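Residue 113 in the working numbering sits at position 40 of the sequence shown, and the numbers go up by one each step.
Backbone N, C-alpha and C define an ideal beta-carbon position, used for all residues, glycine too.
Values in this document were obtained by computation on a predicted structure and should not be read as measured data.
Structure first, then comments.
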Amino acid sequence: MARILIVDDEDNIRLLLKEELEDIGHEVVEANCAKKALEILSKDQNFDIISLDIEMPEMNGLELAAEIRKKYPNKKIILMTAYSHYKSDMASWAADAYVVKSLDLTEFKDTINRLLQI
């Protein structure tokens, strides 16, 4: 299965995503902010997918996606947010996929499966 980096400032969201993804066989590494995610990536780029929350303090997910694209252009990025208006933001084009947060993680898991096949 895949190795996935989850970046979200909300502990409960990270825990939910981690548990759901590990239940289906993926390996998950967590970061609670953009700075931590960049630290992790500077030491270990072996991730199949990076999932980013958009609304985070200090550096948001759109800025982080742009930074990741510059340093690691081949990484697959999913942007996650509770706010669908970001989909029309040109900065979100740095991502390979965009998922609106929901307690039903079917769309998120389907998106991961689709990106793994590309």
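If you draw a straight line from the Cα of LEU114 to the Cα of LYS182, it comes to about 22 Å. Ranked by how close their Cα comes to the Cα of ILE151, the residues ASN105, THR179, PHE120 and THR184 have THR184 in first place. The beta carbon of ALA155 sits closer than 8 Å to those of GLU128, VAL173 and LYS174, all from its chain and outside the five residues before and after it, given in chain order. Within the same chain, Cβ atoms closer than 8 Å to the Cβ of LEU178 are found at LEU89, LEU90 and GLU93, the five residues on either side in sequence being excluded. For ALA107, the secondary structure class from DSSP, reduced to helix, strand or coil, is helix. If you ignore the 5 residues before and after ALA138, its C-beta comes within less than 7 Å of the C-beta of LEU125, ILE150, LEU152, ALA167 and ALA168, all in its own chain and listed in chain order.
Around the Cβ of LEU176, a 10 Å sphere holds fewer than 16 other Cβ atoms; the residue is exposed. Non-local C-beta neighbours of MET74 in its own chain, meaning closer than 6 Å and more than five positions away in sequence, comprise GLY98 and HIS99, ordered along the chain. Excluding residues up to 5 positions away in sequence, VAL101 lie with their Cβ nearer than 8 Å to the Cβ of GLU95 in the same chain.
Between the alpha carbons of ILE77 and ILE191 lies a distance of about 15 Å.
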